[in-house]
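Colleague: This is the structure, below, for whatever I ask next.
In our numbering, the protein residues as written are 1 to 572.
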């Protein structure tokens, strides 16, 4: 009976420990454990790659609540909210977008998941239990003998970076007859398998871990590049809205001027100084300007709603923009970026994080060819085992063991899968080589296009500035001639002059904003734009190795145009 009591005590103890372990490992604990391990990866790794720690937290306002408590009606009510008017500055809009933009959150989660995937890959190379269990039961034979059986087994293994595997297995088969006599007792097995040809070597066996580690670096770079790209995109969207708002004001001023002019023409008709059809022309001009103004309102409101969606604001939120930004740009002038296409290309190829990823992925493809080539070798492994069996609790003999060692050879009789993998790796290498060349060409093309567009916007700005001045003077002169009865001056001449002035005003507004947008894009494409600076859109960034150039004043003479022979070449 003593042996039986011991068995029952052991079984109950194992069950109690198992229940306690299961109850303590709650889902919240697993979540905290995953977050902690990911933080240990991304924090130091981002600091090593970027020189600063990324904010990689993926928690949102719903993260602290169980999914079962979040219902659709709550989301529907939130998206239908309205609010009082508020002025949203560019800085506030950018901060809000970083916190709430759905695409931004997706990329944050993408970074987190890449690091989480690395934890799983690392776990493959750690000591871990690959098998653990216990069985309890009774057995009864034909002679009505009853025995109690308790089986427990556990296997601990480790996959080594050299390609080998170490395994330790423990099995405890305890059968107690009710007379207390033991029959079978514990066994311990140790085994080692180490490849010598195929799959041997740290570089080969740990390739999956190497790639997983590098993938985290790639994702850190990609997220950092996305952050800068996203910041520039949000600034562009805000500036576009400001420009549309400025165009809306200009359209309204034009509309009110057409009303005033129509009344003036009608008075001249009543006084016999103008024909009836001229009043009709002025009326038609007023209608056209009204339609243009109403259309500009619709375009602005549509763009504003699109902007709210990027900020994840409910569309019922009423916001006003800070038009002082345009005044700041006017005071800033037109800062030059003193760089040639060759210098810009050199900077971009060494500083652009996405470019560094493509270069490193090209190196990955070369490494994978080496791994696939090694897999064509025969499978030759060193195998060693040691067993400790048939031991008794009352007479344990540690010297009573069996051991074996040898070589296991697998002849390469069917290598179709390995052949295909090797050929595929060669094709993947050449594809990555072409991808690298394409990326470099695209990079150079972007820099050249940015520089051309920047020059174009600069020339257009000064030309439009003169065009607006000329249109204002022409309108004033035409109005004066009409009022004094200058021969040949008609209502149509005033309308034409008004149209020319509005066109010049709108073009100048677009060109001014367009220059600063392209300047930011050029700095971003060269990889020298620091979006972490406060109000970076108003900063002048020095180009490494190039002397700075003072910005052009808001006013100035148009630059001379380039003769066509300088572009096309002289014809014979």
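Even glycine gets a Cβ: it sits at the ideal position worked out from N, Cα and C.
Considering only residues of the same chain and omitting the five flanking positions on each side of residue 24, which have a CB-CB separation below 6 Å?
Modeller: Reading the chain shown from its first residue, position 24 is the one you call residue 24. Confidence at residue 24 is low in this model, with a pLDDT of 49, below 50, so the placement of that residue is unreliable and no value is reported for it.
Colleague: Would you identify the three-state DSSP class for residue 160, choosing helix, strand or coil?
Modeller: Taking the first residue of the chain shown as 1, we reach residue 160 at position 160. Here residue 160 sits in coil by DSSP.
Colleague: Taking only the alpha-carbon atoms, compute the straight-line gap between residue 462 and residue 219 and give it to the nearest angstrom.
Modeller: By 1-based counting over the chain shown, the position of residue 462 is 462. By 1-based counting over the chain shown, the position of residue 219 is 219. Straight-line Cα distance between these residues: approximately 43 Å.
Colleague: Taking 8 Å as the threshold (C-beta atoms), are residue 190 and residue 405 in contact?
Modeller: Position 405 of the chain shown holds residue 405. Position 190 of the chain shown holds residue 190. Result no, Cβ atoms of residue 405 and residue 190 do not sit closer than 8 Å.
Colleague: Whole-angstrom Cβ separation of residue 409 and residue 378, contact assumed at under 8 Å?
Modeller: The residue labelled residue 409 in the question sits at position 409 within the chain shown. The residue labelled residue 378 in the question sits at position 378 within the chain shown. At roughly 7 Å, the Cβ-Cβ gap stays under 8 Å, so residue 409 and residue 378 are in contact.
Colleague: Below 8 Å between beta carbons: does that hold for residue 524 and residue 228?
Modeller: To locate residue 524, count along the chain shown from 1; it is residue 524. To locate residue 228, count along the chain shown from 1; it is residue 228. In this structure, residue 228 lies closer than 8 Å to residue 524 by Cβ.
Colleague: Return the CA-CA distance between residue 9 and residue 170, expressed in angstroms with no decimal places.
Modeller: To locate residue 9, count along the chain shown from 1; it is residue 9. To locate residue 170, count along the chain shown from 1; it is residue 170. Its pLDDT being 40, under 50, residue 9 is placed unreliably in this model, and the value from its coordinates should be taken loosely. Near 20 Å, if we compare the C-alpha coordinates of residue 170 and residue 9.
Colleague: Note down the Cα distance separating residue 439 from residue 428, rounded to an integer number of angstroms.
Modeller: Here residue 439 refers to the residue found at position 439 when the chain shown is read from its first residue. Here residue 428 refers to the residue found at position 428 when the chain shown is read from its first residue. Cα to Cα, the separation comes out at about 16 Å.
Colleague: Beta carbon of residue 421: closer than 7 Å to some heavy atom of the ligand SAH?
Modeller: As presented, the structure is devoid of all ligands, the ligand SAH included, so that no description of it is given.
Colleague: Checking 8 Å against the spacing of the C-beta atoms, do residue 88 and residue 320 come in under that value?
Modeller: Looking up residue 88 in the chain shown gives position 88. Looking up residue 320 in the chain shown gives position 320. Contact: yes.
Colleague: Once DSSP output is grouped into helix, strand and coil, what is the label at residue 331?
Modeller: Taking the chain shown and counting its residues from 1, one reaches residue 331 at position 331. Helix at residue 331.
Colleague: Per the contact definition of three or more C-beta pairs closer than 8 Å, is the region 299-319 in contact with the region 88-104?
Modeller: The region 88-104 is in contact with the region 299-319.
Colleague: In the DSSP assignment, find the beta strand (DSSP E) that holds residue 381 and state where it starts and stops.
Modeller: Walking along the chain shown from the start, residue 381 turns up at place 381. That run of the beta strand (DSSP E) goes 379-388.
Colleague: How is the beta strand (DSSP E) around residue 404 delimited, first residue to last?
Modeller: In the chain shown, residue 404 corresponds to position 404, counting from 1. Note, residue 404: beta strand (DSSP E), 401-410.
Colleague: Considering Cα atoms alone, identify which of 522, 380, 340 and 528 is closest to residue 351.
Modeller: Taking the chain shown and counting its residues from 1, the one referred to as residue 351 is at position 351. Nearest C-alpha to residue 351: 528.
Colleague: Are the beta-carbon atoms of residue 209 and residue 125 separated by less than 8 Å?
Modeller: Indexing the chain shown from 1 puts residue 209 at position 209. Indexing the chain shown from 1 puts residue 125 at position 125. Against a cut-off of 8 Å, the Cβ pair of residue 125 and residue 209 comes out as a contact.
Colleague: Taking only three categories from DSSP, how would you classify residue 365?
Modeller: Residue 365 sits at position 365 when you count from the first residue of the chain shown. In this structure, residue 365 counts as helix in the three-state DSSP scheme.
Colleague: Under the three-state reduction of DSSP, which class applies to residue 126: helix, strand or coil?
Modeller: To locate residue 126, count along the chain shown from 1; it is residue 126. Looking at residue 126 - three-state DSSP - the assignment turns out to be coil, as it is neither helix nor strand.
Colleague: In three-state terms, what does DSSP make of residue 66?
Modeller: For the purposes of this step, residue 66 is identified with residue 66 of the chain shown, where counting begins at 1. Three-state DSSP puts residue 66 in coil, outside helix and strand.
Colleague: Start and end of the alpha helix (DSSP H) containing residue 338?
Modeller: Position 338 of the chain shown, counting from 1, holds the residue named residue 338. Segment: none, residue 338 is in no alpha helix (DSSP H) and carries neither H nor E.
Colleague: Check the C-beta distance from residue 335 over to residue 540 and give it rounded, since I have them as a contact under 8 Å.
Modeller: Position 335 of the chain shown holds residue 335. Position 540 of the chain shown holds residue 540. Correct: roughly 5 Å between the Cβ atoms.
Colleague: How big is the Cα-Cα spacing for residue 261 and residue 481?
Modeller: In the chain shown, the residue the question calls residue 261 occupies position 261. In the chain shown, the residue the question calls residue 481 occupies position 481. Approximately 14 Å, taken between the alpha carbons.
Colleague: Measuring straight from C-alpha to C-alpha, what distance separates residue 430 and residue 441?
Modeller: Looking up residue 430 in the chain shown gives position 430. Looking up residue 441 in the chain shown gives position 441. Their Cα atoms are separated by approximately 17 Å.
Colleague: Can you give me the start and stop residues for the beta strand (DSSP E) that residue 194 sits inside?
Modeller: The residue given as residue 194 occupies position 194 in the chain shown. Residues 187-195.
Colleague: Beta-carbon within less than 6 Å of residue 254's beta-carbon, same chain only, minus the 5 sequence neighbours each way: which residues are those?
Modeller: Against the chain shown, residue 254 aligns to sequence position 254. The answer, listed in chain order, is 289 and 502.
Colleague: Counting only the same chain and skipping the five closest in sequence on each side, list residues whose C-beta sits under 6 Å from that of residue 368.
Modeller: Within the chain shown, the letter at position 368 stands for residue 368. The answer, listed in chain order, is 425.
Colleague: Straight-line CA distance for residue 156 to residue 192?
Modeller: Here residue 156 refers to the residue found at position 156 when the chain shown is read from its first residue. Here residue 192 refers to the residue found at position 192 when the chain shown is read from its first residue. So the alpha carbons of these two residues sit roughly 12 Å apart.
Colleague: When you compare the CB positions of residue 339 and residue 543, do they come within less than 8 Å of one another, or not?
Modeller: Here residue 339 refers to the residue found at position 339 when the chain shown is read from its first residue. Here residue 543 refers to the residue found at position 543 when the chain shown is read from its first residue. Cβ distance < 8 Å, so residue 339 and residue 543 count as in contact.
Colleague: Check residue 168 in the structure and name its three-state DSSP category.
Modeller: Along the chain shown, one-based indexing puts residue 168 at 168. Looking at residue 168 - three-state DSSP - the assignment turns out to be strand.
Colleague: Counting Cβ pairs, one atom from each stretch, are 3 or more of them under 8 Å apart for the region 44-59 and the region 212-226?
Modeller: Touching, yes.
Colleague: Quick check on the DSSP output: the alpha helix (DSSP H) that includes residue 87 runs from which residue to which?
Modeller: Reading the chain shown from its first residue, position 87 is the one you call residue 87. It is not in any alpha helix (DSSP H) - residue 87 instead sits in the beta strand (DSSP E) that spans 86-88.
Colleague: State yes or no: is the C-beta of residue 526 within less than 8 Å of the C-beta of residue 344?
Modeller: To locate residue 526, count along the chain shown from 1; it is residue 526. To locate residue 344, count along the chain shown from 1; it is residue 344. Yes, the Cβ-Cβ distance between residue 526 and residue 344 is below 8 Å.
Colleague: Helix, strand or coil: how does DSSP classify residue 176 here?
Modeller: What you label residue 176 is simply residue 176 of the chain shown in a count that begins at 1. Annotation note: pLDDT 48 at residue 176 (below 50); position unreliable, coordinate value reported separately. Looking at residue 176 - three-state DSSP - the assignment turns out to be strand.
Colleague: Measuring straight from C-alpha to C-alpha, what distance separates residue 443 and residue 491?
Modeller: Numbered from 1 along the chain shown, position 443 holds the residue referred to as residue 443. Numbered from 1 along the chain shown, position 491 holds the residue referred to as residue 491. Residue 443 and residue 491: Cα-Cα distance of roughly 53 Å.
Colleague: Within its chain, find whatever has a CB closer than 7 Å to the CB of residue 518; leave out the 5 residues flanking it on each side and keep chain order.
Modeller: For the purposes of this step, residue 518 is taken as the residue at position 518 of the chain shown. So the qualifying residues of the chain are 450, 453, 454 and 457.
Colleague: Among 505, 374, 493 and 437, whose alpha-carbon lies nearest the alpha-carbon of residue 469?
Modeller: As a first step, residue 469 is located in the chain shown; it is residue number 469 there, counting from the start. Checked all of 505, 374, 493 and 437; the closest Cα to residue 469 is 505.
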